[in-house]
Amino acid sequence: MKIKVFKTQDKFLDVEVLNPDATIQDYLDAINIWIENSMDPPCRGCDECCWERIPLTSIDVLNYVEKMEKLLALEGPWPVLSFLKDHCYVYVEGAVVDISLGFTLDGACSFLDQTERICSSYLARSLVCQSFVCIESTERARELRSQLVNSGMDELVRMWLMQSKQAGQKPFMHEQYQADPSLEDYPSNAFSGKSSYDKILLKDICTAKLWSQLC
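Each residue of the sequence shown is one higher than the one before, starting from 0 at the first, in numbering that gives the first Met the number 0.
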């Protein structure tokens with residue numbers, strides 16, 4: 000076990016790194032195991048988290064494309080761009096870009112089956128979805144999740160800009176205000192060139208301050 004997920008005496012969710020070679024996948028596995036074994040009642044049948052904004056990482060999008068390409072009827076030589084256009088919400092203000100899963104008119108995630116109250120894309124769930132726990136978390140647990148999502152989002156924006164340029168397309172946006180995103184604003188990071196979470200070490204994402212707290 001490389002990651003320990005536990006509840007503090009104050010009943011806050013906390014995370015501790017036990018092995019310096021722990022990856023993001025180790026973190027997600029530990030969270031999912033804790034949810035399955037420790038949540039009371041079990042985390043099933045509630046869809047409250049499916050009505051919140053769901054930011055995406057580059058690997059989240061690659062997972063959706065790989066596992067759901069046929070189901071989502073993604074077309075053309077650029078399935079990532081097709082997924083972003085048809086199933087996400089791209090918001091741009093100046094140089095700042097935010098990419099999240101698409102949502103219905105009433106505010107639910109577009110992948111939520113509201114009749115059955117289950118996720119129709121469960122096998123491709125995003126990092127945010129897998130790591131959501133409906134109890135308070137410690138500051139270091141919240142900061143870890145935030146840094147992972149932010150780094151992954153930055154790489155997704157870089158991918159969106161690069162592939163749009165390669166495809167000879169103007170980057171598609173669902174909403175924009177004086178949009179002026181640039182590749183220079185989104186340099187490569189630990190997510191770059193990676194297609195799975197088991198290839199990314201937590202220590203390559205975390206700031207030195209957070210890493211010392213987690214260890």
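Ideal Cβ positions, reconstructed from N, Cα and C, are used throughout, including at glycine.
Practice task
From the DSSP output, in three-state form, read off Ser-99 for me.
Solution key: Position 100 of the sequence shown holds residue 99. The answer is strand: DSSP assigns Ser-99 an E or B state.
Exercise for the section: Could you work out which residue in His-173, Ser-163, Ala-207, Ser-99 is closest to Ile-53 when comparing CA atoms only? Expected result: As a working mapping, residue 53 is identified with position 54 in the sequence shown. When each option's Cα is compared against that of Ile-53, the closest is Ser-99.
Exercise for the section: Return the CA-CA distance between Ile-2 and Tyr-63, expressed in angstroms with no decimal places. Expected result: Within the sequence shown, the letter at position 3 stands for residue 2. Within the sequence shown, the letter at position 64 stands for residue 63. So the alpha carbons of these two residues sit roughly 25 Å apart.
Handout entry: Exposure label - Val-95; buried when at least 16 CB within 10 Å
Key = Taking the first residue of the sequence shown as position 1, residue 95 is located at position 96. Its Cβ having fewer than 16 others within 10 Å, Val-95 is exposed.
Handout entry: Bridge partners - Thr-232, DSSP secondary structure assignment
Key = Because the chain is modelled from 0 through 214, residue 232 falls outside the range shown and cannot be assessed.
Handout entry: Neighbourhood of Cys-214 by C-beta distance below 6 Å, restricted to the same chain and skipping five residues each side
Key = Here residue 214 is taken as the residue at index 215 of the sequence shown, counted from 1. Cβ neighbours of Cys-214 beyond the five flanking positions: Val-16.
Handout entry: Rounded C-alpha distance that separates Cys-128 from Glu-74
Key = Here residue 128 corresponds to residue number 129 of the sequence shown, with the count starting at 1. Here residue 74 corresponds to residue number 75 of the sequence shown, with the count starting at 1. About 26 Å.
Problem - Helix, strand or coil at Phe-131 according to DSSP, with G and I counted as helix - result: In the sequence shown, residue 131 corresponds to position 132, counting from 1. It is coil, neither helix nor strand.
Problem - chain D contact for Leu-155 (CB, 7 Å cutoff) - result: Checking the listed chains, one finds no chain D in this structure; it contains a single protein chain.
Exercise for the section: Within the same chain, show all residues whose beta-carbon is closer than 6 Å to that of Tyr-90, passing over the 5 residues directly before and after it, in chain order. Expected result: Locating residue 90 in the sequence shown gives position 91, where the first residue counts as 1. In chain order, Asp-97, Glu-174 place their CB closer than 6 Å to the CB of Tyr-90, counting only its own chain and leaving out the 5 sequence neighbours on each side.
Problem - Glu-51 versus Lys-6: straight-line alpha-carbon distance, rounded - result: Walking along the sequence shown from the start, residue 51 turns up at place 52. Walking along the sequence shown from the start, residue 6 turns up at place 7. Glu-51 and Lys-6: Cα-Cα distance of roughly 24 Å.
Practice task
Answer with buried or exposed for Ser-211, where buried requires no fewer than 16 other C-beta atoms within 10 angstroms of its C-beta.
Solution key: In the sequence shown, the residue the question calls residue 211 occupies position 212. Its Cβ having fewer than 16 others within 10 Å, Ser-211 is exposed.
Exercise for the section: Run the CB neighbour count on Tyr-196, radius 10 Å, all protein chains shown included, and call it buried at 16 or more, exposed below. Expected result: Mapped onto the sequence shown, residue 196 falls at position 197. Looking at its Cβ environment, which holds 16 or more other Cβ atoms inside 10 Å, Tyr-196 is buried.
Exercise for the section: Go through its chain and collect everything with a Cβ distance to Asp-153's Cβ below 7 Å, but skip five positions before and after it. Expected result: Taking the first residue of the sequence shown as position 1, residue 153 is located at position 154. Within the same chain, Asp-153 has close Cβ partners Tyr-185, Asn-188.
Handout entry: Contacts around Asp-112, its chain only, beta-carbon distance under 7 Å, and the 5 residues preceding and following it disregarded
Key = Locating residue 112 in the sequence shown gives position 113, counting from the first residue. Within the same chain, and ignoring the five residues on either side of Asp-112 in sequence, the residues whose Cβ sits closer than 7 Å to its Cβ are Ser-119.
Handout entry: CA-to-CA distance, Val-4 to Gly-192, given in whole angstroms
Key = Taking the sequence shown and counting its residues from 1, the one referred to as residue 192 is at position 193. Taking the sequence shown and counting its residues from 1, the one referred to as residue 4 is at position 5. Distance between Gly-192 and Val-4, taken at the CA atoms: about 28 Å.
Problem - Contact set for Glu-142: own chain, Cβ-Cβ below 6 Å, skip 5 residues either direction - result: Your numbering for residue 142 matches position 143 in the sequence shown. The residues Leu-209, in chain order, have a CB closer than 6 Å to that of Glu-142 in the same chain once the five nearest residues on each side in sequence are set aside.
Exercise for the section: Name the residue from Leu-122, Ala-207, Ser-181 whose alpha carbon lies nearest to the alpha carbon of Lys-164. Expected result: Residue mapping note: residue 164 aligns to position 165 of the sequence shown, counting from 1. Lys-164 has its Cα closest to that of Ser-181, out of Leu-122, Ala-207, Ser-181.
Practice task
Write down every uninterrupted run of the alpha helix (DSSP H) in the stretch 164-190 whose length is 4 residues or greater and which is fully enclosed by it, in chain order.
Solution key: Taking only runs of at least 4 residues, no alpha helix (DSSP H) segment lies wholly in the stretch 164-190.
Practice task
Would you mind giving the Cβ-Cβ distance between Glu-59 and Ser-125, rounded to the nearest angstrom? I have them listed as a contact below 8 Å.
Solution key: As a working mapping, residue 59 is identified with position 60 in the sequence shown. As a working mapping, residue 125 is identified with position 126 in the sequence shown. One detail in the question is off: residue 59 reads as Asp in this sequence, not Glu. The Cβ separation is near 4 Å, so the contact holds.
Handout entry: Alpha carbon of Leu-104 to alpha carbon of Ile-23, nearest angstrom
Key = As a position in the sequence shown, residue 104 is number 105, starting the count at 1. As a position in the sequence shown, residue 23 is number 24, starting the count at 1. So the alpha carbons of these two residues sit roughly 33 Å apart.
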